[in-house]
Structures are given as C-alpha cells and as structure tokens.
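See below for the structure under consideration.
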Amino acid sequence: MAVPRNALKKWAKVREFALGLPGAVEEFPWGESVAKVNKKVFVFLGVDDGSHPLALTVKLTDETARTHAPTSPGAEPAGYGLGKAGWVRIPLAGRGAPAAELLSDWVEESYRAIAPKRLTAEPAAEGRGQGRPAEVL
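The sequence shown: position 102 = 82 (my numbering), numbered continuously.
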C-alpha cells in the first residue's frame, strides 16, 4: 500500500516532536515505533512502511481533547482495552485528518499523562504551546 506523502510528512513531524520531549526515547516493540518516557509508552506511532495505514495512538485526559479527537475521520478508541483508559487511535491520512500541530498537542497531552512530574515541569519553548520543551534533549 502506498503511503500518502502528506500523511508521511505529518507522521515525521509528530515523531520528531514526540522524541524531542524531555526523556523521550523511541523503541520498536511489536514491530512498530513507539515513544516512551520512563519506560512507559506515551504515543504509538505505528509503521511508516506502507504495510498499515499511518495513524498514531495517544492517551487523552483533557475533556476537550477527549471529545474532539474521536470526531476526526476514522478515529476510534484504541484496541486491547486501552480505549477505556482514554487512548485514541487517529489516522493521519484522508480528508479532515488533523494537522501535525494539533496532533503534536495531543502527543504532548499524552506525554504529560504518562511522564513523571519532574519532567513535565520543563519551561515552555518560546512561541509554542504551554508546556512545550525548551530544548531537545
């Protein structure tokens, strides 16, 4: 299956953002990319090789985001029971798919839900949303 170019660019931006958060590392359990902090997954990035549609899965705790994210085309509660804990799978391709900036906001929210408080206390980067890291580690 061909990977839509726009979705791949969006995926790369979101991946870069996620891995730039304090303490974030990339691992490949189950053959897919995930970003972890303190050995816990905060975003499932999937695969970018075209074997599956590009999507990401994040944990949303903010009521507004939990209401908004599932309205994205194709979005659904995550499988394996994770949906009950606020995890949402969001496709990156297709008409009406969220922009990389909004996806990054959701990744940041997921990070804040998972990361130790000492890491989430980093000062915000200039010109970015509240709580964005000031520098890439």
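Ideal Cβ placement from N, Cα and C applies to all residues, glycine included.
Thr41 - DSSP class collapsed to helix/strand/coil = If DSSP states are grouped into helix, strand and coil, Thr41 belongs with coil.
ask   = Are there three or more Cβ pairs, one per stretch, closer than 8 Å when the stretch 9 to 22 is compared with the stretch 44 to 54?
value = Two segments are said to touch when three or more pairs of C-beta atoms, one from each, lie closer than 8 Å; by this definition the stretch 9 to 22 does not touch the stretch 44 to 54.
query = Trp(-10) and Leu83: beta carbons closer than 8 Å?
reply = It is Lys, not Trp, that sits at residue -10 in the sequence shown. Contact flag set, yes.
query = Taking Arg69 as the reference, which of Asp85, Ile94, Leu40 and Ala79 has the closest Cα?
reply = Check the Cα spacing between Arg69 and each of Asp85, Ile94, Leu40 and Ala79: the tightest is with Leu40.
ask   = In the DSSP assignment, what are the bridge partners of Ala21?
value = In the sequence as displayed, the identity of residue 21 is Val instead of Ala. Per DSSP, Lys16.
task = Rank Glu88, Leu34 and Glu(-4) by C-alpha distance to the C-alpha of Leu(-12) and give the top, closest one.
result = Selected option, being the one with the closest Cα: Leu34.
task = Would you mind reading off the limits of the alpha helix (DSSP H) that contains Val68?
result = Careful: Val68 lies outside any alpha helix (DSSP H), inside the beta strand (DSSP E) at Trp67 to Pro71.
ask   = Per DSSP, what kind of secondary structure is Lys(-11) in: helix, strand or coil?
value = In the three-state DSSP reduction, Lys(-11) falls in the helix class (H, G or I).
message = On the DSSP bridge list, what partners appear for Leu36?
response = According to DSSP, Leu36 bridges with Ile70.
Whole-angstrom distance between Leu1 and Gly66, CA atom to CA atom = Straight-line Cα distance between these residues: approximately 21 Å.
inquiry  = Any beta carbon of chain C sitting closer than 8 Å to that of Ile94?
reply    = In the structure shown, chain C cannot be found, because there is only a single protein chain.
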